Amino acid sequence: MKFVAAINCIDGRTQIPVIEWLKKECSATYVNMITEPGPNKILAENKDQFLINSIKRRVEISTKKHASKIIAIVGHYDCAGNPVAKETQMNQIVDSIKTIESWDFAIQVVGLWVDENWQVHKKR
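Going letter by letter, the sequence shown gives residues 30 to 153 in our numbering.
So this is what it looks like as structure tokens:
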């Protein structure tokens with residue numbers, strides 16, 4: 030069994046494509062989903078400490094209890110929780126990666142973008 034985790038939007042349209050991509054590209058058996066509306070905005074802004082600590086605690090559970098070594102941060106087309114342009118979201122993904130890496134969980138962090146056709150693209 031191999032676990033990975035995804036910090037993903039609550040939008041149900043993104044769940045299956047992200048899970049399938051992570052299973053294929055990371056040879057994962059299971060994907061722990063950590064969901065919030067517009068998580069790339071939350072982590073990029075790094076302001077709402079309550080939400081950030083909640084996300085961090087869930088990542089910690091995934092890494093310590095399920096031995097996840099890869100964490101994805103996801104942004105997507107037509108996000109109700111983060112209704113900004115793709116370019117803004119892409120920049121937020123980069124900033125989110127920096128936030129997650131600052132937690133020192135010794136994990137690989139990847140950024141994913143889900144486009145208007147619900148296809149997943151690796152940002153980093």
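Glycine is no exception: its CB is placed at the ideal position from the N, C-alpha and C atoms.
As the structure is a computational prediction, the values presented were derived from the model and not from experiment.
Following the continuous beta strand (DSSP E) through M62, name the residue where it begins and the one where it ends. Here the question's residue 62 lines up with position 33 in the sequence shown. M62: member of the beta strand (DSSP E) spanning 59-64, first to last residue.
Could you tell me the boundaries of the beta strand (DSSP E) in which K94 lies? Counted from its first residue, the sequence shown places residue 94 at position 65. It is not in any beta strand (DSSP E) - K94 instead sits in the alpha helix (DSSP H) that spans 78-94.
Where does W147 sit, in a helix, a strand or coil, going by DSSP? On the sequence shown, residue 147 is found 118 positions in, with the first residue counted as 1. In the structure shown, W147 sits in coil (DSSP, three-state: anything other than H, G, I, E or B).
Assuming contact is defined by CB atoms lying nearer than 8 angstroms, are I63 and I71 in contact in what I supplied? What you label residue 63 is simply residue 34 of the sequence shown in a count that begins at 1. What you label residue 71 is simply residue 42 of the sequence shown in a count that begins at 1. No, Cβ-Cβ distance for I63 and I71 is not below 8 angstroms.
Candidates N111, I126, K76, Q78: closest to A35 by CA position: Sequence index remark: in the sequence shown, residue 35 carries index 6 (1-based). When each option's Cα is compared against that of A35, the closest is I126.
Exposed or buried, which one is E89 when buried takes at least 16 other CB atoms within 10 Å? Position 60 of the sequence shown holds residue 89. Burial call: exposed.
So the candidates are I48, I99, T43; which of them puts its Cα closest to the Cα of V139? Counting from one through the sequence shown, the residue named residue 139 turns up at place 110. Nearest of I48, I99, T43 to V139, Cα basis: I99.
S83 and I136 - do their beta-carbons sit closer together than 8 angstroms? One-based indexing of the sequence shown puts residue 136 at position 107. One-based indexing of the sequence shown puts residue 83 at position 54. No, the pair does not count as a contact, with Cβ atoms beyond the cut-off.
Leaving out the 5 sequence neighbours to the left and right, which residues in its chain are closer than 7 angstroms to V143 when beta-carbon positions are compared? By one-based count along the sequence shown, residue 143 stands at place 114. Taken in chain order, the residues that qualify are T43, P46, V47, V103, H105, Y106, V149.
At what residues does the beta strand (DSSP E) containing G104 begin and finish? For the purposes of this step, residue 104 is identified with residue 75 of the sequence shown, where counting begins at 1. Per DSSP, the unbroken beta strand (DSSP E) holding G104 starts and ends at 99-105.
Would you tell me roughly how many angstroms separate the C-alpha atoms of D124 and K53, rounded to the nearest one? Counting from 1 along the sequence shown, the entry for residue 124 is found at position 95. Counting from 1 along the sequence shown, the entry for residue 53 is found at position 24. Approximately 25 angstroms between the Cα atoms of the pair.
First and last residue of the beta strand (DSSP E) that includes N75? Numbered from its first residue, the sequence shown carries residue 75 at position 46. No beta strand (DSSP E) contains N75, which DSSP labels as neither H nor E.
Give the single residue among S131, W147, L141 whose Cα lies nearest to the Cα of K85. Taking the sequence shown and counting its residues from 1, one reaches residue 85 at position 56. Nearest option by C-alpha distance: S131.
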